[in-house]
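Going by the working numbering, the sequence shown wraps up at 187, each residue one higher than the last.
Notes to accompany the following structure.
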Amino acid sequence: MRDVWILRLSHRVPRDQRVSTHLALAARALGATRMFYSGTRDTEFESIINMIIKNWGGKFSVKYIDDPVNIINKAKSMNYVIIHLTMYGIPLNHIIDELLRMEKFLVIVGSEKVPSKFFYISDFNIAVGNQPHSEVSALAIFLDRIFQGMELEKIFPGGVLSVVNSKRGKYLIDSLK
Ligand code: SAM
């Protein structure tokens, strides 16, 4: 089973709180197992994500790290392929077949301008289209391509809440009620 970690660079408070939260929600829901973030430590952001994990289950964690290069080197030592999502990179469509032969990824996304060292430390700099958009949309598309849609079938054990999908209604199961 593929394993994907996320590294969010330079989280800024309050500017990035909403986008970093959406990034973590998307990362968790679309197949990633860990998210690291650098920049400013934000316990409010962490508690929001930990509440989501408690309620909806599954294996996911969010962790602040002082120096992002440390986690990149740790991932490299564990044979994770280092991916940097950037509109300046090589098109995802051109490299996806090669990536699908790999198992473990650490995916780097920026917030403010990304220092050039991350372009050189990464194994691949990959563009999700060559237009500026968002770390959330770029990550979501990357995860869907890597998991080939199977992330949408993922089970999240241990949660309190779950949804019964339906054509029209809204059916939420609360196992505590
Ligand atoms: N202003 C920053 C700069 O100029 O580097 C980037 C802001 S951008 C909204 C934040 C992040 O979104 C980028 O660091 C990149 O990870 C991701 N992103 C935005 N557009 C992308 C694209 N077309 N392909 C891949 N990643 C993209």
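All C-beta atoms in this analysis are idealised placements derived from N, C-alpha and C, irrespective of residue type, glycine included.
Query                                                                                                       : Result
Pro142 Cβ short of 6 Å to the ligand SAM heavy atom set                                                     : yes
Alpha carbon of Ala34 to alpha carbon of Pro142, nearest angstrom                                           : 20 Å
Secondary structure of Ser30, DSSP reduced to three states                                                  : helix
Cβ shell of Lys73 (< 6 Å), same chain only, five flanking positions each side left out                      : Phe46
Same chain, Cβ closer than 7 Å to Phe157, five either side skipped, listed in chain order                   : Arg12, Gly41
Any non-hydrogen atom of the ligand SAM within 6 Å of Leu95 CB                                              : yes
Whether Val119 touches Leu149 by CB criterion (7 Å)                                                         : yes
Ile53, buried or exposed, once every other Cβ within 10 Å from all chains shown has been counted against 16 : Ile is not the amino acid found at residue 53; the sequence shown has Thr there. The residue is exposed, with fewer than 16 neighbouring Cβ atoms inside 10 Å.
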